[in-house]
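These protein sequence lines are chains A and B, in that order.
The first sequence begins at 22 in our numbering and counts up one residue at a time.
The second sequence begins at 1377 in our numbering and counts up one residue at a time.
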Amino acid sequence: MNSGLNFTEDQRDYLQEICNIGMGQAGQSLSVLFEQYVTLSVPSIEIISAINLVPTLKRLIPAEKISAVRQGFYTHVTDPNICGESITIFSNTDFEQLAQLIDLDEEVTFEVEQEILLEISNIINGACLSGIAEQISERFFSTPPSIIGQSIIIDNLLNKEHLMWDHALSIKIQYSVDKYSFQCDLLLLMPDSSVKYLQNVLNRLAGEL
Amino acid sequence: MTISILICDDSNMARKQLKRILPQGWADNLLLVKNGQEALDVLCTVKIDLLFLDLTMPVLDGFSVLKIMQAQAMNINTIVISADIQSEAKKMVEAAGALDFIRKPISEDALIQVLNKHNLL
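Set out below in C-alpha cells:
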C-alpha cells in the first residue's frame, strides 16, 4: 500500500471498524431487499492518494467488466467538514441473478439493469455513509445517484475527469446471498481537507479509548 | 463476583471499546485476542467464564468458533458482539449456543442490560 498520508495503524484500524459497522447496516438493508440472509465478509480498506489512484484501482479491481454509480456527499452546504464523491463499482455483475434475488419478473433490459444498479448502490452507499457519519458524530447529505458506466472496462472509468480528487478511501465489500455472491468496491473520493478532518476525528476517538 | 473474560475481535478499536465499558473490578482476568483461532487456543489452555465474540473475522470467524465449541461440548458462556445486525444472525448464533447478541457499536447500557439478563454481574 502506498498512501502517502501517514495513517497510523490505530487510525486505519478505527476506520476499518467504522466501515465494518456501515457495511453491517448495508447488509441489513440488502437482506430486506433480497428477503434472505446476507453473509458479510470483513471489508478491506485502503487509503490511496490521487497520484496512485489509477494503478491502485487497477490492482484492486481486476474485473473485466464493471458498472459504476456516483453520488456526491457533504456534511454542510458551505464549508463542509467532510465532502466528496462516492463511486460504487460493481465487478462482473450477473444482472440476471440479481434480478432473481430481487424477485423481478420482467425481462432484464438495459433499463432494468440501471434500476438494479441504482437501487443497490443507493443502499450500500447510504448505509455505509450513515454508519460512518454516526460514528464520527456527523450527518451526510447526498446528491442523487447517477450511472457513470454500465458494463464498461475499468480504463474507461478511470480516464474520466471525475477522479480528480486528492485522495480516495477504498472499501472492498463482498456480500453472499445463498450460493450467489456479488462483489463491489465503494470508493470515497475526498479532498485533502476532508481526509485531514477525518484523521483528526479518528485521533480523538483513539484518545477517548 | 469476579470472573475470567476473553474478548475476541479483529479490531483493536472494538476490543478497547468493550474493555473500557466493562464494569470496574468485575473481571479479575481479561484476555484479548484477534481472531477465532486465537480464541480457541486460549479456551483450550485457560479457564474462561465468559467469551465476547465478534462474527466477521479473518482466519476463523465467530460462527465457526460457536460451531466448534458446540461440537466439542465446550460449555462457555458466549455473548456475540457484531455489526451483522440482521435478525437472522441473532437467531443463528443463539441456535449455535450463544447466550445473547449485542449489536455494534456497543453501548454501556446494552452491555449491562445483557449481563443483568443472564445474571452475570
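Backbone N, C-alpha and C fix where the C-beta goes; we use that ideal spot for every residue, glycine too.
In this text, all values refer to a predicted model and were calculated from it rather than measured experimentally.
Closest Cβ-Cβ distance between residue i and chain B: below 8 Å?
i: residue 41/A; result: yes
i: residue 48/A; result: yes
i: residue 201/A; result: no
i: residue 197/A; result: no
i: residue 158/A; result: no
i: residue 37/A; result: yes
i: residue 52/A; result: yes
i: residue 63/A; result: yes
i: residue 230/A; result: yes
i: residue 222/A; result: no
i: residue 206/A; result: no
i: residue 95/A; result: no
i: residue 34/A; result: yes
i: residue 124/A; result: no
i: residue 147/A; result: no
i: residue 133/A; result: no
i: residue 31/A; result: yes
i: residue 7/A; result: Past the boundaries of the shown model lies residue 7/A; chain A is included only from 22 to 230, so the question cannot be answered.
With DSSP as the reference, label residue i as helix, strand or coil.
i: residue 185/A; result: coil
i: residue 147/A; result: helix
i: residue 35/A; result: helix
i: residue 162/A; result: strand
i: residue 61/A; result: strand
i: residue 1464/B; result: helix
i: residue 67/A; result: strand
i: residue 129/A; result: coil
i: residue 1500/B; result: With chain B running from 1377 to 1497 in the structure shown, residue 1500/B is simply not present.
i: residue 53/A; result: helix
i: residue 77/A; result: helix
i: residue 1444/B; result: helix
i: residue 172/A; result: strand
i: residue 1494/B; result: coil
i: residue 42/A; result: helix
i: residue 23/A; result: Summary for residue 23/A: the model assigns pLDDT 41, below 50, so the residue's position carries little reliability; its value from the coordinates is reported in the next sentence. In the structure shown, residue 23/A sits in coil (DSSP, three-state: anything other than H, G, I, E or B).
At a Cβ threshold of 8 Å, is residue i touching chain A?
i: residue 1464/B; result: yes
i: residue 1448/B; result: no
i: residue 1455/B; result: no
i: residue 1386/B; result: yes
i: residue 1461/B; result: yes
i: residue 1400/B; result: no
i: residue 1433/B; result: yes
i: residue 1480/B; result: yes
i: residue 1443/B; result: no
i: residue 1393/B; result: yes
i: residue 1487/B; result: no
i: residue 1483/B; result: no
Tell me residue i's beta-bridge partners as DSSP assigns them.
i: residue 135/A; result: Paired residue(s): none; residue 135/A is not in a bridge.
i: residue 109/A; result: 90/A, 207/A
i: residue 28/A; result: Per DSSP, none; premise fails for residue 28/A.
i: residue 195/A; result: 204/A
i: residue 1382/B; result: 1407/B, 1427/B
i: residue 167/A; result: 91/A
i: residue 1454/B; result: 1427/B
i: residue 190/A; result: 68/A, 209/A
i: residue 1391/B; result: Note: residue 1391/B sits in no beta bridge, so no partner.
i: residue 1479/B; result: 1458/B
Using a Cβ-Cβ cut-off of 8 Å, state whether residue i counts as contacting chain D.
i: residue 1389/B; result: The question asks about chain D, but that chain is absent: this structure's protein chains are A and B.
Worksheet entry | Contiguous beta strand (DSSP E) assignments of at least 3 residues, all confined to the segment 1393-1431 of chain B | 1403-1409, 1426-1429
Worksheet item: Between the segment 165-182 of chain A and the segment 85-95 of chain A, are three or more C-beta pairs nearer than 8 Å?
Response: yes
Discussion item. Quick check: the segment 1380-1396 of chain B against the segment 206-217 of chain A, are at least 3 beta-carbon pairs closer than 8 Å?
Written reply: no
Discussion item. I'd like to know if the segment 1426-1434 of chain B and the segment 51-66 of chain A are in contact, where contact means that at least 3 CB-CB pairs between them fall below 8 Å.
Written reply: yes
Worksheet entry | the segment 26-45 of chain A in contact with the segment 1389-1397 of chain B per 3-pair CB rule at 8 Å | yes
Practice prompt. Take every Cβ of the segment 102-114 of chain A, pair it with every Cβ of the segment 198-205 of chain A, and state whether three or more of those distances are shorter than 8 Å.
Written response: yes
Worksheet item: If we count Cβ pairs, one from each stretch, closer than 8 Å, do we get three or more for the segment 1460-1471 of chain B versus the segment 49-57 of chain A?
Response: Taking 8 Å as the limit for Cβ pairs, the verdict is that the segment 49-57 of chain A does touch the segment 1460-1471 of chain B.
Worksheet entry | the segment 61-81 of chain A in contact with the segment 97-105 of chain A per 3-pair CB rule at 8 Å | no
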